[in-house]
Amino acid sequence: ATTLRIMASSPNTIARSQPRLCFSTMATANNTSSPSSSSNESTSSTNNKKEKDKKDDSNIFLDNLGKIFLSSIGLVLLFLLRSTKSNNSRVALREEMENAALLDPLEIEDLRCANSDFTMEVWNTIVEEIKNEFVARGNSSMTYPQFLSLVMRVMKDVKGEGFTVQMGHLMDRVVIAELERRREGNDNSVHQEGSDELPLSFLLASLSLALNSSVADRIRVLYDSMLIGNEMNSSSSSSSEGQEESTNTNNNDASKEQVEEMIQNLQSTCQLVPDAQIVETNSKVPYQTFRVGTGSELARRAREGYGGKKGSQGVTRDGDGPVTLEDFHAILKSRTVCAWGECYIKKSSRTSTSDR
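The opening residue of the sequence shown carries number 144 in the numbering used here; numbering runs sequentially from there.
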């Protein structure tokens with residue numbers, strides 16, 4: 144009976160003892176797992192700190208390298224586009240000037256070749272006759288028919304009846320265009336007496352188109368043409384010896400205004416290359432635009448220089464005041480003026496001068 148009692152109670156005893164064993168086992172497992180979890184947390188926090196330090200140590204340039212590269216490419220493309228538009232604007236203006244030119248270089252060359260007998264001797268005779276008939280009377284201008292009749296008469300006296308200006312219609316073209324331009328610029332609609340008169344400097348510049356001579360001689364006769372007005376002023380204003388000496392000294396050089404007028408005459412008679420007459424405007428946004436410069440602007444740019452270090456230095460010592468023959472020679476051969484394309488000719492003994 145005792146044995147049966149013990150056996151009957153043993154299952155309960157075993158059943159009660161099992162949960163206790165399980166609880167103790169779980170507690171032991173929990174106690175053993177807590178150190179590992181804490182170590183994992185510390186490891187993860189350490190990794191987070193390292194990643195944060197890496198972010199703090201990042202290079203702005205390297206992080207935005209792609210954006211900087213694309214921005215640089217965009218700026219380069221924008222600069223090339225602006226430069227292309229500016230060049231196209233200059234080329235379009237040059238082509239417009241070439242198409243509107245009254246004479247092209249080949250026609251001027253043909254005109255000179257056709258008048259091979261029109262030498263410096265004939266030119267000097269014509270100038271002396273002009274001084275005697277017009278300048279001595281105080282006239283600094285005349286009509287084109289008067290000028291032509293004087294030239295024809297002198298040429299016949301020098302070399303006979305058959306001597307005349309060959310291909311004279313080319314010279315007529317530039318003179319008629321100048322007369323029309325002056326009439327359009329005149330505000331008065333009524334035709335005034337003497338309005339068809341042209342300055343002697345312009346008429347002589349037009350006649351120089353047919354002169355068959357070297358460039359140096361052509362520059363000298365143009366310079367002497369500017370001084371004709373000084374001779375007229377000196378003959379009318381000199382009343383004493385002291386005054387005559389002072390005026391003669393001053394008359395050796397051309398004034399600034401006379402040089403600007405002569406360059407304008409050369410421009411009107413198509414004796415300057417189109418590319419040299421192009422100057423920049425004040426409009427630089429979105430791209431640089433250009434226009435045709437006046438005679439005074441071209442003369443000033445040649446004498447004073449333009450564009451700083453990237454441009455051109457002046458060809459005369461003084462940017463203002465009288466101009467000597469050597470200075471006038473340098474001005475006409477500068478890139479700003481470039482009369483008869485002389486600025487493109489390179490000589491071994493002498494380098495050409497340059498232009499804004």
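Where a beta carbon is used, it is the ideal one built from N, C-alpha and C, also for glycine.
DSSP-derived helix/strand/coil call for residue i
i: Phe433; result: strand
i: Glu304; result: coil
i: Ser357; result: coil
i: Ile203; result: helix
i: Leu341; result: strand
i: Leu415; result: strand
i: Val480; result: coil
i: Ser398; result: coil
i: Ser455; result: strand
i: Val297; result: helix
i: Val466; result: strand
i: Ser368; result: helix
i: Ser283; result: coil
Straight-line gap, residue i to residue j (C-alpha atoms, nearest Å)
i: Glu485; j: Leu249; result: 15 angstroms
i: Ser351; j: Gly217; result: 54 angstroms
i: Glu388; j: Val466; result: The pLDDT assigned to Glu388 is 43, lower than 50, so where the model puts this residue is not dependable; a value taken from the coordinates is nonetheless given after this. Roughly 19 angstroms separates the two Cα atoms.
i: Gly305; j: Ile251; result: 22 angstroms
i: Ala445; j: Leu208; result: 48 angstroms
i: Ala359; j: Lys302; result: 25 angstroms
i: Ala397; j: Asn267; result: 19 angstroms
i: Ser214; j: Tyr487; result: 41 angstroms
Residues of its chain near residue i, where Cβ-Cβ distance is below 7 angstroms and the 5 sequence neighbours each way are ignored
i: Val435; result: Met240, Gln420 and Ile421
i: Lys228; result: Tyr430
i: Asn355; result: Arg255, Asn258, Ser259, Phe261 and Thr262
i: Val458; result: Ala445, Arg446, Ala473, Ile474, Ser477 and Thr496
i: Pro342; result: Ser283 and Ser284
i: Leu415; result: Leu409, Val480, Cys481 and Ala482
i: Thr171; result: Its pLDDT being 46, under 50, Thr171 is placed unreliably by the model, and the measurement read from it follows with that caveat. Excluding residues within five positions, none has a Cβ falling inside 7 angstroms.
i: Ala442; result: Val402, Glu403, Ile406 and Ile474
Closer than 9 angstroms to chain B by CB, residue i
i: Glu321; result: No chain B is part of this structure, which consists of one protein chain only.
Sequence-distant residues of its chain with Cβ nearer than 8 angstroms to residue i (five each side left out)
i: Phe204; result: Ile211
Cβ pair residue i, residue j closer than 9 angstroms
i: Leu221; j: Tyr366; result: no
i: Glu403; j: Gly438; result: yes
i: Leu475; j: Ile406; result: yes
i: Gln456; j: Gly464; result: no
i: Val294; j: Leu245; result: no
i: Val297; j: Glu327; result: no
6 angstroms CB neighbourhood of residue i in its chain, flanking five on each side removed
i: Ala257; result: Gln309 and Met310
Extent of the continuous alpha helix (DSSP H) run through residue i
i: Ile314; result: What sits at residue 314 in the sequence shown is Met, not Ile. Gly311 to Gly328 is the extent of the alpha helix (DSSP H) around Met314.
i: Leu224; result: Leu208 to Ala243
i: Glu440; result: Gly438 to Glu447
i: Ile488; result: Counting along the chain, Ile488 falls outside any alpha helix (DSSP H), and DSSP gives it neither H nor E.
Range of the contiguous beta strand (DSSP E) that encloses residue i
i: Val265; result: It is not in any beta strand (DSSP E) - Val265 instead sits in the alpha helix (DSSP H) that spans Met263 to Glu276.
i: Ile421; result: Ile421 to Glu423
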